[in-house]
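Numbering (the numbering used here), first residue to last: 1 to 434.
All residues carry an ideal CB built from backbone N, CA and C; glycine is no exception.
Read the structure below first, then the notes.
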Amino acid sequence: MGITRRAAFLLLGGLAAIGLGALLQAPWILFWAYNAAVAVLLMLDWICCPRKRTFSAHRSFERTFELRRRSSVTLTIRARARRALSMRVSDAPPEGFLWDHQAPKMTCEADGSVTHTYAVQPTLRGIFRFECCYVQVTGPLGLSTRRYALPCPGNAPVYPDLEPMRRYRLLAERRQLDRDDQSSHCVRGVGSEFVGIREYTPDDDNRKINWMATARVGKPMTSVFDVERNQQILLAVDMGRWMHAPMGEVTRLDRAVELAAAMAQVAISSGDRVGLVLFDTEVRAYLKPGKGTVHMNRVLELLYKARSSTCESRLSDLSAFAQTRMRNRGMVCVFSYLDGEDAARAAGRDLFFLGRRHALQFASLTDPLLGMLSDRPADSSHRLYVKAAAIYRTATEQNAARVLQASGMFCQADEPVRLLSRVVSRYVSMKQQL
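Next comes the structure, spelled out in structure tokens:
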């Protein structure tokens, strides 16, 4: 049982009863009588408070939760009571959510409901579970309170930040990724994409004769196919120990997931088939290439489950796996990190045969904080040391990218915001060449 401010003032009134009792030559008798009366009122008020079965709760979400973006959660409390109730409603989001702890005081009409909306900001990806919400109801005299935990469980999947994905999807729909619009054109000829049926001519391939149409029409008919320019794209996201490094409020893996989601949306909007691989010491998850909105949702479902490990990634396993899954020439985009020239040489050896067979680009995610530290004035010996270390780290990452580039495959190292635009630009140019 809890007490309200009104009850606290009544209890403090016992001190005044002592003073009044001193004037009447019976201070303690009046004091105990006063407090006994207050205790009886408190007990009666507590007994008259509505029970837990009076209330029911429902929780709803504004939209899909995204990493580092504020979303609204709404609690609806239904009270089957014969009188108006004064209450406070609060919630307990899962660990990893930042939220407002305020529980405003509300009045619920007889046999009515109240809603409480608050904002949350997820800091981790994955599936999180909401459990109970809490309601604190005040008695009819306003002296005591009861607090109940109302069950309203539900799962809340937290996706990566999808804003870059939405921005590039809009550009793809407006055909602003490729001004020449060459990537979506098809060349009429021998191909695999069915276009229609026409009358047979002597120059047509006999293998393209449509015998069912020929029997129906009564004269030779042939099927017409277009050369399909849409390609197969494989996105590979590294989950090794280097991807666990923090980059601001999130990790390098979180940034790689955001870039992979945006790149998948660009490719699907352009008509390509997109596959996904999550790997570290071995391939942990694989989604075969596909098209359409449903397939894009499958890509997002797999991406938000990605978790970094403490193991060193093996690009050789990725290369062998990708070669067995991609029979025809396509594109492979690897989102990872190169910490030095030795790692770049090892990556060049591991990905050599994959790069010979497919158009390969390697995206190395660097920390934006390094650029900020490199540009900051060194007004003390400590800042001078930090600036020198940041410049050296940046130079090391860029040298590693150049070493891998020299091995014959396209590599770029940059902070996530600029890296995404460079990866998309490279994808557009590579698509036109295939």
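Roughly how many angstroms lie between the CA atoms of Pro157 and Leu303, to the nearest whole one?
-> If you number the sequence shown from 1, residue 157 lands on position 157. If you number the sequence shown from 1, residue 303 lands on position 303. Spanning the two alpha carbons is a distance of roughly 11 Å.
Three-state secondary structure assigned by DSSP to Leu259 | Residue numbering aside, residue 259 sits at position 259 when the sequence shown is read from its first letter. DSSP places Leu259 in helix when its eight states are reduced to three.
Jot down the residue ranges of each uninterrupted alpha helix (DSSP H) in the segment 256-342, minimum 4 residues, whole runs only, in chain order.
-> 292-303 and 315-325
On the premise that Met296 lies in contact with Gln265, defined as a C-beta separation below 8 Å, what is that separation, rounded to the nearest angstrom?
-> If you number the sequence shown from 1, residue 265 lands on position 265. If you number the sequence shown from 1, residue 296 lands on position 296. Yes, Gln265 and Met296 are in contact; Cβ-Cβ is about 6 Å, under 8 Å.
When the Cα atoms are used, what is the spatial distance from Val283 to Gln361?
-> Within the sequence shown, the letter at position 283 stands for residue 283. Within the sequence shown, the letter at position 361 stands for residue 361. Going from the Cα of Val283 to the Cα of Gln361 covers about 19 Å.
Neighbourhood of Val417 by C-beta distance below 8 Å, restricted to the same chain and skipping five residues each side = Position 417 of the sequence shown holds residue 417. So the qualifying residues of the chain are Pro368.
Using 8 Å as the Cβ pair cut-off and three pairs as the minimum, do the segment 401-416 and the segment 336-350 touch?
-> yes
Rounded distance between the beta-carbons of Leu259 and Leu419, thought under 8 Å = Position 419 of the sequence shown, counted from the start, is the residue given in the question as residue 419. Position 259 of the sequence shown, counted from the start, is the residue given in the question as residue 259. That belief holds up - the Cβ atoms of Leu419 and Leu259 are roughly 7 Å apart, short of 8 Å.
From the DSSP output, in three-state form, read off Arg6 for me.
-> Indexing the sequence shown from 1 puts residue 6 at position 6. Three-state DSSP puts Arg6 in a helix.
Residue closest to Leu287, alpha-carbon to alpha-carbon, out of Val299, Pro153 and His382 | Sequence index remark: in the sequence shown, residue 287 carries index 287 (1-based). When each option's Cα is compared against that of Leu287, the closest is Val299.
Note down, in chain order, each residue of its chain lying with its Cβ closer than 8 Å to the Cβ of Ser380, except the 5 sequence neighbours on either side.
-> The sequence position of residue 380 within the sequence shown is 380, counting from 1. No residues qualify anywhere along the chain.
State the DSSP-derived secondary structure class of Tyr134, mapped to helix, strand or coil.
-> By one-based count along the sequence shown, residue 134 stands at place 134. Tyr134: strand per DSSP, three-state reduction.
The segment 149-163 in contact with the segment 1-8 per 3-pair CB rule at 8 Å = no
Taking the Cβ atom as the reference point for each residue, do Ala443 and Val277 lie within a distance shorter than 8 Å?
-> The structure shown does not extend to residue 443, since the chain spans only 1 to 434, so no value can be given for it.
Can you round the beta-carbon distance between Ala285 and Val274 to whole angstroms, since I take them to be within the 8 Å contact cut?
-> For the purposes of this step, residue 285 is taken as the residue at position 285 of the sequence shown. For the purposes of this step, residue 274 is taken as the residue at position 274 of the sequence shown. 14 Å between Cβ atoms; not a contact.
Could you name the residues of the same chain whose beta carbon sits closer than 6 Å to that of Ser97, not counting the 5 residues immediately before and after it, in chain order?
-> Residue numbering aside, residue 97 sits at position 97 when the sequence shown is read from its first letter. Inspection of the sequence shows that residue 97 is occupied by Phe rather than by Ser. Here the set comprises Val120 and Pro122.
His382, DSSP secondary structure in three states | On the sequence shown, position 382 is the one that residue 382 refers to. Residue state, collapsed to three classes: helix.
Examine the Cβ distances between the segment 305-313 and the segment 240-256 and report whether three or more of them are shorter than 8 Å.
-> yes
Close Cβ partners of Leu338 (< 7 Å) along its chain, the five nearest in sequence each way excluded | Taking the first residue of the sequence shown as position 1, residue 338 is located at position 338. Closer than 7 Å at the Cβ level, and outside the excluded window around Leu338, lie Ala344, Ala347, Ser364, Glu397, Ala400, Ala401, Leu404 and Ala413.
In three-state terms, what does DSSP make of Asn155?
-> One-based indexing of the sequence shown puts residue 155 at position 155. Note: Asn155 maps to strand in three-state DSSP.
Measure the alpha-carbon distance for Pro220 versus Leu234 and round it to whole angstroms.
-> Within the sequence shown, the letter at position 220 stands for residue 220. Within the sequence shown, the letter at position 234 stands for residue 234. Each residue's Cα considered, the two are about 41 Å apart.
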